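Right, one structure below, let's go through it.
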């Protein structure tokens, strides 16, 4: 609601100083106190013309400037008339009359408050509550008095009305979202589970690319309570229902989740398999069939089955899930936390790293346990320390980076407790910086595509390999990171500049697609320009890129629901 405001309008009437030249125009007498001696005639540009009444019947006109009446005074040469003129001038009111053209005194004008309709008040209150407040907020007398003071003619809607409006707005928003997703050929979803206030929830978000501009669009589909155990079949049932509710079951190309065993099993049992996996399985089956055919003929036994019992049995095949994609950020975070522990197998690195990080941990513990210690650190270091958090990605890197930043900005004297092993934290920051930047890129939601995943991992691997010769103490850490990246199957070299690999992939594409599509692919690869407009002459390539890049490489988008859900499902909000 718009707040009541009093506008101060300082108005000052200008004297007759218009710049336009031309014929005279009528205006008020600038010196009405001299009306007994002079009759105002007209204004010509910046001057006034008066007719002398004492010279009648002779017509004498005197011209004087708008800011001075000295010419009128000079015209009164007779002593008697001059004395009369001075008397009229001295006794005249110093302030110009209301109809005069002189300067007016500054006047404060109190404007009326803008009148707001009842519909606008209701809409503003509704938005205020939807942002994270309980619907019972409209009931306290203090809130109603607030609205009455700001808009006396408006009323506050009741708690029941607020709930009804929320339900109505939810239905309309859902309808608009479904209509928009009907125009999109491919959709990606992300999902995750979490617990808050002794209750479990599952969140699902949808993401797609605009077919024309390739602009990323996102929406939250569901954030609902998940009762019971988080088993693989329970998760599959909820995801199937949500996809069917929004009528996107056939459009979802992939669903991105973390590496939880329940999610992995749900998609392994009920999800679509990768095409290459199906081809391998098909080839294996054919080999087995061939071997069976070559074997000696064996009489087959016929077994009768109860078809009715099989059809009535609930085998869970009603759950239809799309292809699964494991969160790349989760995998990369595991590499940077779990796999790096293998670097401690090197005794020299283990001794130095434990010595340095134990002192850093002591600083973090002291800063978090006492406000006085935190103030003392801020006084000497000019910055607060960042506390590492096992749940938050990159937290250890950011904590060590803050320590190194303090040392670089304030000198080693600011961190005397870690001066003996400063090289280890500095090299740790240098080594882990590419990993942190890669995580930040992959967990984006707007400017990110699935096609960025393998180039990002390849660039990370290249940077780690190039930095290894200049590393003195943290070479085991670099080796552990590289080994972890090579161990993850999805991070193996599938995107590369190797001509042999590129030629092999191109031959596979030409084999799978028709000649027309192959020509479009050759034309697209040979194009020198970049951008969305480059894809216009190649509709098949454009559709393929749209399908493959719709999915997100990470499930961070769904994890961002946590901050909102933590606010919505508070005891006060959840009880209304």
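Numbering (our numbering), first residue to last: 2 to 577.
Cβ atoms here follow ideal geometry from the backbone N, Cα and C, with glycine treated the same way.
The structure presented is a predicted model; accordingly, all values stated were derived computationally and were not measured.
Contact set for residue i: own chain, Cβ-Cβ below 7 angstroms, skip 5 residues either direction
i, result
"residue 437", "395 and 398"
"residue 376", "none"
"residue 555", "257, 328, 329, 330, 443 and 444"
"residue 36", "30"
"residue 149", "none"
"residue 261", "none"
"residue 241", "320, 321 and 322"
Whether residue i touches residue j by CB criterion (7 angstroms)
i, j, result
"residue 408", "residue 384", "no"
"residue 474", "residue 353", "yes"
"residue 198", "residue 226", "no"
"residue 187", "residue 464", "no"
"residue 326", "residue 259", "no"
"residue 210", "residue 551", "yes"
"residue 52", "residue 62", "yes"
"residue 256", "residue 323", "yes"
"residue 239", "residue 203", "yes"
"residue 339", "residue 481", "no"
"residue 1", "residue 378", "This structure leaves residue 1 out entirely; the chain is present only between 2 and 577."
"residue 562", "residue 224", "yes"
"residue 247", "residue 179", "yes"
"residue 139", "residue 165", "no"
Alpha carbon of residue i to alpha carbon of residue j, nearest angstrom
i, j, result
"residue 263", "residue 233", "5 angstroms"
"residue 361", "residue 430", "13 angstroms"
"residue 472", "residue 365", "26 angstroms"
"residue 250", "residue 172", "20 angstroms"
"residue 559", "residue 349", "41 angstroms"
"residue 41", "residue 71", "15 angstroms"
"residue 483", "residue 169", "53 angstroms"
"residue 141", "residue 134", "13 angstroms"
"residue 403", "residue 151", "48 angstroms"
"residue 231", "residue 476", "41 angstroms"
"residue 157", "residue 136", "12 angstroms"
"residue 389", "residue 206", "28 angstroms"
"residue 450", "residue 121", "40 angstroms"
"residue 47", "residue 32", "15 angstroms"
"residue 265", "residue 320", "15 angstroms"
"residue 428", "residue 405", "10 angstroms"
"residue 1", "residue 131", "Because the chain is modelled from 2 through 577, residue 1 falls outside the range shown and cannot be assessed."
"residue 49", "residue 69", "10 angstroms"
"residue 487", "residue 351", "23 angstroms"
"residue 453", "residue 243", "28 angstroms"
"residue 269", "residue 162", "46 angstroms"
"residue 343", "residue 467", "21 angstroms"
Candidates the options: closest to residue i by CA position
i, options, result
"residue 478", "211, 45, 135 and 355", "355"
"residue 357", "324, 343, 367 and 424", "424"
"residue 545", "344, 469, 522 and 165", "522"
"residue 38", "58, 73 and 48", "73"
"residue 387", "214, 400 and 378", "400"
"residue 155", "161, 146 and 261", "146"
"residue 448", "217, 45 and 213", "217"
"residue 128", "116, 167 and 143", "167"
"residue 557", "192, 337 and 273", "192"
"residue 435", "212, 337, 487 and 381", "337"
"residue 470", "453, 446 and 432", "432"
"residue 212", "181, 391 and 57", "181"
"residue 228", "196, 241, 244 and 214", "196"
"residue 44", "56, 59 and 66", "66"
"residue 335", "485, 455, 382 and 371", "485"
Cβ shell of residue i (< 6 angstroms), same chain only, five flanking positions each side left out
i, result
"residue 208", "189, 219 and 553"
"residue 267", "233, 236 and 237"
"residue 535", "528"
Beta-carbon contacts of residue i that lie in its chain and below 8 angstroms, excluding the five residues immediately before and after
i, result
"residue 439", "333, 457, 458, 460 and 461"
"residue 446", "208, 217, 219, 553, 557, 558 and 561"
Which runs of the beta strand (DSSP E) spanning at least 3 residues fall entirely within the region 192-248, listed in chain order? 200-210 and 217-226
What ranges does the alpha helix (DSSP H) occupy inside the region 105-170, keeping only unbroken runs of at least 4 residues that lie completely in it? 119-131 and 142-151
Sequence ranges, alpha helix (DSSP H) only - wholly within the region 344-392, length at least 4: 348-370 and 372-382
Complete alpha helix (DSSP H) runs within the region 439-481 (minimum length 4 residues, chain order): 454-468
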